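Order-wise, the sequence lines are chains D and C.
For what it's worth, our numbering labels the leading residue of the first sequence as 1, then goes sequentially.
For what it's worth, our numbering labels the leading residue of the second sequence as 462, then goes sequentially.
A short worksheet on the structure shown next.
2 protein chains.
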Amino acid sequence: MALADALRHIDDQRRTHVDQLGEFVRIPSISAGADTDARGNLIRAADFLVGQFGQIGFAAEKVQVSADTNPLVLARSPDFSPDRPTVLIYGHYDVQGVDNPRAAWEVDPFAAVERDGLLIARGASDNKGPTFAHMKAAEAVLAVGDRLPVDLVFLVEGEEECGSKAIGQFVAEGGLDEFAPLLCTVISDTSMYGPDRPSLTLGLRGIVYAEVEVHGPKQDVHSGLFGGIVQNPNQLLVDALAGLVGGDGQITVPGFYDGLAPLSAREKALYAALEVDEAAYCRELGVAALAGERQYPLLERRWTRPTLDINFLSGGSPRTVIPAVARAAISCRLVPGQDPARVQAALEAHIRSRIPSAIGVEFKNQHISPAYYLDLDHPLVEPTLKAIRTGFELEPVLTREGGSIPIVVDIAAHTQAPVLLVGLGQITDNWHGPNERFSLHDFHRGTRTAAALFYELGQGS
Amino acid sequence: MALADALRHIDDQRRTHVDQLGEFVRIPSISAGADTDARGNLIRAADFLVGQFGQIGFAAEKVQVSADTNPLVLARSPDFSPDRPTVLIYGHYDVQGVDNPRAAWEVDPFAAVERDGLLIARGASDNKGPTFAHMKAAEAVLAVGDRLPVDLVFLVEGEEECGSKAIGQFVAEGGLDEFAPLLCTVISDTSMYGPDRPSLTLGLRGIVYAEVEVHGPKQDVHSGLFGGIVQNPNQLLVDALAGLVGGDGQITVPGFYDGLAPLSAREKALYAALEVDEAAYCRELGVAALAGERQYPLLERRWTRPTLDINFLSGGSPRTVIPAVARAAISCRLVPGQDPARVQAALEAHIRSRIPSAIGVEFKNQHISPAYYLDLDHPLVEPTLKAIRTGFELEPVLTREGGSIPIVVDIAAHTQAPVLLVGLGQITDNWHGPNERFSLHDFHRGTRTAAALFYELGQGS
């Protein structure tokens, strides 16, 4: 049986795969705030991938969407055939910076250090390792002389950590149209529910992000000289933002909850069955108690309830001034049924309504994206769970996540095909922090899962 | 007549005085955030003053209060005599930095550039020029062969722009006791009411300053992963600070106005008689309209009403985080009758009462100082006005100021003598901003005023 051969090959090549992943993570392909030097490393990482794909017979190329973006890597499996379904695999080769903070790194973030079964390196888990697992799975199928059960298209971007500009434009301009119809997209850029708890993630929250500026005098002025005659933008800003979230976790922006789809009893039961260690959350966060809408269980609050957070406050300086401007950044996480454009408009209107009309108020850098949701009854759910079972030899669970991956929504919308979110890393892998790590056991089992998924998806068509 | 001789001498020496002041302002004696290099310049400025005082026969010395402070310059006039009253003159030889912003300076801030009758240099008006005027006045009296009508003690500090630590300790520890009883202290570190509007400043507002920190998770966390289960310190902070000042300018902290002494009808009438160009204020501030307690005239709001301002807001970053900590700085300006310790306690209690008790809240860097006020009927008011009239050949006005100079209150309290605030600079001299300037005409008329004041105070005793 071909899958069994491929799995055996993956087991045999475990060490080689780790070594090759080591080469990949040694390239410091930092994209956020990248300077000219970093740009070179991004190109190197893209070239490395193109080379790897080429070695296994894929037709791979760098796609330069515009002059100021990092190249996409587009790779298609050999012998595309109309008798097979086409599956898109998305990943990203760019990584976060390492100054968060640099001193907290116990190892060189780009030395591919292995310790206690972990590969400790920036990008190991987010997202080089998981992307690599899919590539190595395809390699294994081809290596044992089998024909891939599905046509594969890899689309690996280099700007996930800085706004996904190129891929957004590529998808919007029909770059994926030649592969239509897709059976599905597979993305391993979420997390497993926990160690030895592999999962299929059904949903992601959407997002509304906005920055607001409240203007005062044309420059910071002395609070002794002018205090009492000039309106203070800091005061106007806090007045406008006060009580946006009540002590009960309720969001007070009128219309915020409009359209929100209630959680089905079946899905509610699924999440209620998952183990939750509230004390561990408190330790991890360093808080005495958790907060929010206590009438909802913890996982529902994290995954299925919308939120509003003031991410940023800034105004003046710690001395006796009345500032020229006060700034805040606010983001909402949205759930299925909420319309991001309506939430965005409601938030802006509410804030503006709380500031005197004579005051200058600007909204900036707004972006929105709806929630993503795969129905529990979608026909690809069972095959995916079966593949995870085969790859991990563990029973998978269904989850959602609280974060937002706008490109998931964009790809789903443009391809009209479901996105299967099969996370291979852990939530504790420290994606954007120091000492990011990826379990080599997860890498191995994830590679097996990817291979099994190709066969499941090939049969399902 | 001796005063007439001294005034003539001052008129004759006008150019020499400007050149000597140029030497003084060429020393970049920046104290705020001073590094080791700057320390050397502070010592140079102190030595320059000691040298200048020595040349006119004063017994001058540097007083090193503690190892980490900048020296005070203490200088006493020749032939101290029990038959003359003693007058203390306070000033400061340190200056603000020049990076506020540096690029906005049209000249080298330490080149003593003269243009259109102005000396454009950091420290020219704040406070080297006005301090120098008093010294040159004493020099003139001695130069024409007269005996000083009062014993003079100059106390010139080097830390006015960074907290007045040394002089505060010096005064608190009885450093001025040997000169008791003082007739009064004279300070030229306020402003004239306007060009050709010399003034005696009767009052300064006091201050309560506090920084508050609200604590959340032990580090900034991802608002997607944890939004909905963790309390956001930014939200808690804005909730606590909302409405501290109402739209009507009223401060809502319970007990804030306790003890406030009403403005006398006589003083109210004095300020009502002063010309006020509200449109010019708007242009200067860059606002469409002035704000605050509109039932009080503009000058009363600036000088005689207490205020509360949120000077600083800070929390998180402009991306999707829930911050570990949110910070604010708040300052109140106080007027006669208000007890700073009570206002400080009321403010802290009010803010704490608005934050759930399980949340970590810290108050930091608090400092307080009461308002200063010289009674309209004090016997030294008339002699001072007469001296200004002589020096400027203009009719002076009585004013207050909205700022706070804690050392004024300290000196008044420890010496039990009034402080005469005779500003020689303009409010538009840009003390802490770029292109600070001092009118050479004001310097000259101020030097004349200082000489006249010595004679007035000598007669009044």
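Using N, Cα and C, we set each Cβ at its ideal position, and we do this for glycine too.
Just so you know, these numbers come straight off a predicted model, no measurement behind them.
Below-8 Å beta-carbon distance, residue i vs any chain D residue
| i | result |
| --- | --- |
| Val559 (chain C) | no |
| Ile690 (chain C) | yes |
| Lys729 (chain C) | no |
| Pro867 (chain C) | no |
| Pro715 (chain C) | no |
| Lys589 (chain C) | no |
| Ser830 (chain C) | no |
| Phe899 (chain C) | no |
| Phe824 (chain C) | no |
| Pro857 (chain C) | no |
| Val870 (chain C) | no |
| Pro532 (chain C) | no |
Backbone secondary structure at residue i - three-state DSSP
| i | result |
| --- | --- |
| Phe631 (chain C) | helix |
| Ala598 (chain C) | helix |
| Leu74 (chain D) | strand |
| Ser479 (chain D) | Nothing in the structure corresponds to residue 479 (chain D), since chain D is present only between 1 and 461. |
| Thr201 (chain D) | strand |
| Glu843 (chain C) | helix |
| Gly907 (chain C) | helix |
| Gly57 (chain D) | coil |
| His893 (chain C) | coil |
| Tyr654 (chain C) | coil |
Interface flag, residue i vs chain C, CB-CB below 8 Å
| i | result |
| --- | --- |
| Gln235 (chain D) | yes |
| Pro318 (chain D) | yes |
| Ile322 (chain D) | yes |
| Leu152 (chain D) | no |
| Arg333 (chain D) | yes |
| Phe312 (chain D) | yes |
| Gly402 (chain D) | yes |
| Ser461 (chain D) | Model confidence at Ser461 (chain D) stands at a pLDDT of 46, short of 50, so the residue's coordinates are unreliable and nothing is read from them. |
| Glu160 (chain D) | no |
Proximal residues to residue i (C-beta, below 7 Å), its chain only, five neighbours per side dropped
| i | result |
| --- | --- |
| Ser461 (chain D) | Annotation note: pLDDT 46 at Ser461 (chain D) (below 50); position unreliable, coordinate value reported separately. Only Pro85 and Leu183 meet the Cβ criterion. |
| His902 (chain C) | Gly578 |
| Thr713 (chain C) | Gly704, Leu705 and Gly707 |
| Arg354 (chain D) | Asp239 and Ala240 |
| Pro715 (chain C) | Ala807 and His811 |
| Gly423 (chain D) | Ser188, Thr190, Ser191, Met192, Ser199 and Thr201 |
| Asp657 (chain C) | Leu855 |
| Ala912 (chain C) | Leu464, Ala467, Leu468, Ile471, Ala598, Ala601 and Val602 |
| Ser125 (chain D) | Gly425, Asp429, Trp431, Glu436, Arg437 and Phe438 |
Proximal residues to residue i (C-beta, below 8 Å), its chain only, five neighbours per side dropped
| i | result |
| --- | --- |
| Val822 (chain C) | Val673, Glu674, Val675, His676, Ile812, Arg813 and Ile816 |
| Pro297 (chain D) | Tyr271, Ala272 and Val276 |
| Ile868 (chain C) | Tyr551, Glu618, Glu621, Ser625, Ile628, Gly629 and Val632 |
| Gly433 (chain D) | Asn100 and Ala104 |
| Pro879 (chain C) | Cys645, Thr646, Leu835, His839, Leu841 and Ala873 |
Local Cβ density within 10 Å of residue i, reported as buried at 16 or more and exposed below that
| i | result |
| --- | --- |
| Glu843 (chain C) | exposed |
| Thr16 (chain D) | exposed |
| Pro642 (chain C) | exposed |
| Gln64 (chain D) | exposed |
| Gln338 (chain D) | buried |
| Gln920 (chain C) | exposed |
| Glu634 (chain C) | exposed |
| Ala601 (chain C) | buried |
| Lys364 (chain D) | exposed |
| Ser725 (chain C) | exposed |
| Asp612 (chain C) | buried |
| Lys589 (chain C) | buried |
Same chain only: Cβ atoms within 6 Å of residue i, ignoring 5 sequence neighbours per side
| i | result |
| --- | --- |
| Leu308 (chain D) | Leu244, Val245, Ile251 and Cys332 |
| Gly852 (chain C) | Arg906, Arg909, Thr910 and Ala913 |
| Arg26 (chain D) | Phe110 and Ala112 |
Whole-Å CB distance - residue i paired with residue j, under 8 Å assumed
| i | j | result |
| --- | --- | --- |
| Phe312 (chain D) | Gly776 (chain C) | 7 Å |
| Ala604 (chain C) | Gly483 (chain C) | So it is not a contact: roughly 20 Å between Cβ atoms. |
| Val221 (chain D) | Leu881 (chain C) | That belief does not hold up - the Cβ atoms of Val221 (chain D) and Leu881 (chain C) are roughly 27 Å apart, past 8 Å. |
| Ala45 (chain D) | Ser29 (chain D) | 4 Å |
| Ala790 (chain C) | Pro318 (chain D) | 4 Å |
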